[in-house]
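Under this note's numbering, the first residue of the sequence shown is numbered 42, with each subsequent residue one higher. One structure is given below, encoded as structure tokens.
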Amino acid sequence: MKARAPDLLVLPRLGGWASQWDQLVDQSPLPSPFLRSWWLTGTGGPRGHFLLVVDDDRLVGGLALEEERRLGLPCLRVMGGGRLCPDHLDLLAAPSQEDTTISLLRSWLHRPGGRLLDLKGIRAGSRLIEALPGPARRETFAVAPWTPLPNDAPTYLASLPSQFRRQIRRSSARLAAEGATHRTSRGLSAVRSLDTLRELHQAQWGDRSRFLPEFNRFASGCRLGAEADEVVVHELATEERVISTFVAFEVAGRVSLYQSARLTDHRWRDAAAVLLTAIFTDACDRGFTEVDFLRGEELYKNKFAPRRREMIRLLAGSGVTGRVASASERARSGAGRVAVRTVRASRAAFAQRKP
């Protein structure tokens, strides 16, 4: 009797497939917290599409997308995306099932009808582009600083630049004299600590924040992640106040530093760097293999994590209208990149002219 081939299920929610989905995340080349079932369930929009490749009662692959309207067309983007900026996204596939998964995803994504696909934050080595209707465009979207961790914290700290180590020692001693200590929160305690993150973020960034309008979605995902013990909040605090806070995700041996905020008083200068040193020390002591700063090339990240991972954006269109919309998006993003390069060049030229 001929064995039955895997099928594709398209569901609005993971439901009973969540546990097997998370097992596929663990087996993926770069396990991302933003592929976890708790993140997708907590942050996904109302028009989610879980594309599940199933072999009887076994999940062997999948892709999480959500639908919105753009340029008058249905537009598929990564689930939980937008301003929450999920990183290192990819299709999921069990070992030896990647070709089957791509084939079934391709059939669904190539079905008749005009639509746009705009997938941001995709892992650089992903084969997802093979499933998209052509011609699909691949462009570098962002980079994420990261570093592997040795077996012990002193070895990691010794790898930091010597001047930076001296600065951290001085700042740590000064803040310790002020009564500041490192503490961590997990479970329900971590969820309660999110209120402090929101208050500090509001005080630090105010109306400029792109994160605060999405805070409720973020908090919803974190509540579910805390139940799975994969969300931790690190704080540098005195008895009276929290000085600096970081929310981190701990998934498959990796620590991903997602969101932070701090007091901006000069008295508490370097608090974030002191807290990050404590976070890296904690990660080494607990046997994690790496720390990932996620997207963004802020200067402070360079001192802690010298390596870089690229993330890409995939743009494609299905049907004539979808291909036209894809071309329009490519032109707009190209103009944006030119504008950014122009501003950077102008700033560099101005800096050189300064006495």
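Think of the CB as a built atom: it goes at the ideal place given N, C-alpha and C, for glycine as much as any other residue.
Own chain, CB closer than 6 Å to residue i, minus 5 neighbours either side, in chain order
i, result
"L348", "The sequence shown places Arg at residue 348, rather than the Leu named in the question. The answer, listed in chain order, is W187, T188."
"S234", "S226, V274"
"S212", "D311, V315"
"L304", "I284"
"L81", "A105, M120, G121"
"F391", "Unreliable placement is indicated for F391, whose pLDDT of 38 sits below 50; the coordinate value is still reported in the next sentence. None."
"A59", "S78"
"G294", "F329, T330"
"K161", "F182, R354"
"G220", "T279"
"G363", "G155, R156, L157"
Secondary structure of residue i, DSSP reduced to three states
i, result
"S226", "strand"
"Q243", "helix"
"P35", "One cannot answer for residue 35 here, as it falls past the ends of the chain, which runs 42 to 396."
"R327", "coil"
"F334", "coil"
"H307", "helix"
"E139", "helix"
"F252", "coil"
"A313", "helix"
"A269", "coil"
"T181", "strand"
"G294", "coil"
"P53", "coil"
"P153", "coil"
"E339", "coil"
"A366", "helix"
"S301", "strand"
"A69", "Here residue 69 is Ser; the residue named in the question, Ala, does not match the sequence. Residue state, collapsed to three classes: coil."
"R348", "strand"
"D193", "coil"
"G162", "strand"
"F391", "Per-residue confidence for F391 stands at a pLDDT of 38, beneath the threshold of 50, marking its modelled position as unreliable; the derived number appears in the next sentence. Residue state, collapsed to three classes: helix."
"R188", "Note on identity: in this sequence residue 188 is Thr, with Arg being the wrong assignment. The answer is strand: DSSP assigns T188 an E or B state."
"L356", "strand"
"L235", "helix"
"D48", "strand"
"T322", "helix"
"L132", "coil"
"E276", "strand"
"A214", "helix"
"S285", "strand"
"R147", "helix"
"A172", "helix"
"S200", "coil"
"G220", "coil"
"S167", "coil"
Of the residues the options, the one placed nearest residue i, counting alpha carbons only
i, options, result
"P72", "L92, V332, R364, Y341", "V332"
"S369", "R178, E219, A314", "R178"
"A134", "A165, V66, R88, G175", "V66"
"L145", "P47, V119, A217", "P47"
"V119", "R110, T318, I163", "I163"
"M352", "R147, Q138, A165", "A165"
"R350", "G358, K344, Y341, G337", "G337"
"T196", "T318, L277, E219, A231", "T318"
"A172", "I143, Y299, E240, L160", "I143"
"G57", "F91, G85, E107", "F91"
"V288", "E240, E276, P153", "E276"
"E461", "L216, L340, Q300", "Coverage of the chain is limited to positions 42 through 396, which leaves residue 461 absent and any answer about it impossible."
"G83", "G363, S359, R258, T181", "R258"
"C263", "G247, Q243, A278, G228", "G228"
"Q61", "A221, P70, R54, R99", "R99"
"H151", "G86, L198, T322, L117", "L117"
"A269", "A346, E180, V232", "V232"
"S230", "T222, A267, F345, R327", "A267"
"P114", "A302, D128, A244, S367", "Per the sequence shown, the amino acid found at residue 114 is Leu instead of Pro. For the residues A302, D128, A244, S367, the minimum Cα distance to L114 belongs to S367."
"Y299", "H129, R327, L335, R45", "L335"
"A278", "L241, L265, Q245", "L241"
"Q245", "A185, L158, D306", "D306"
"G247", "S203, H223, A302", "A302"
"R147", "A357, R373, R371, V365", "A357"
Sequence-distant residues of the same chain with beta carbon closer than 7 Å to residue i, five excluded per side
i, result
"R388", "Because R388 carries a pLDDT of 38, less than 50, the predicted location of this residue cannot be relied on, and the following value inherits that uncertainty. So no residue of the chain qualifies."
"T237", "V283, T286"
"A260", "L235"
"L52", "F91, L93"
"D326", "A194"
"D63", "R77, S78"
Other residues of its chain near residue i: CB distance less than 8 Å, five sequence neighbours each side excluded
i, result
"V361", "G155"
"A324", "L190, V296, V332"
"E271", "P74, R77, W79, F290, E291, V292"
"R168", "L132, E139, I143"
"P70", "D131, R164, G166"
Cβ-heavy atom distance, residue i to the ligand FAD, below 7 Å
i, result
"L133", "Within the structure as shown, the ligand FAD is missing, as the structure has no ligands at all."
In chain order, each beta strand (DSSP E) run of at least 3 residues that lies wholly inside the segment 77 to 129: If you keep only unbroken beta strand (DSSP E) runs of at least 3 residues inside the segment 77 to 129, you get 89 to 96, 99 to 111, 114 to 119.
Validate contact between the segment 239 to 259 and the segment 124 to 139 using beta carbons, cut 8 Å, 3 pairs: The segment 239 to 259 vs the segment 124 to 139: in contact.
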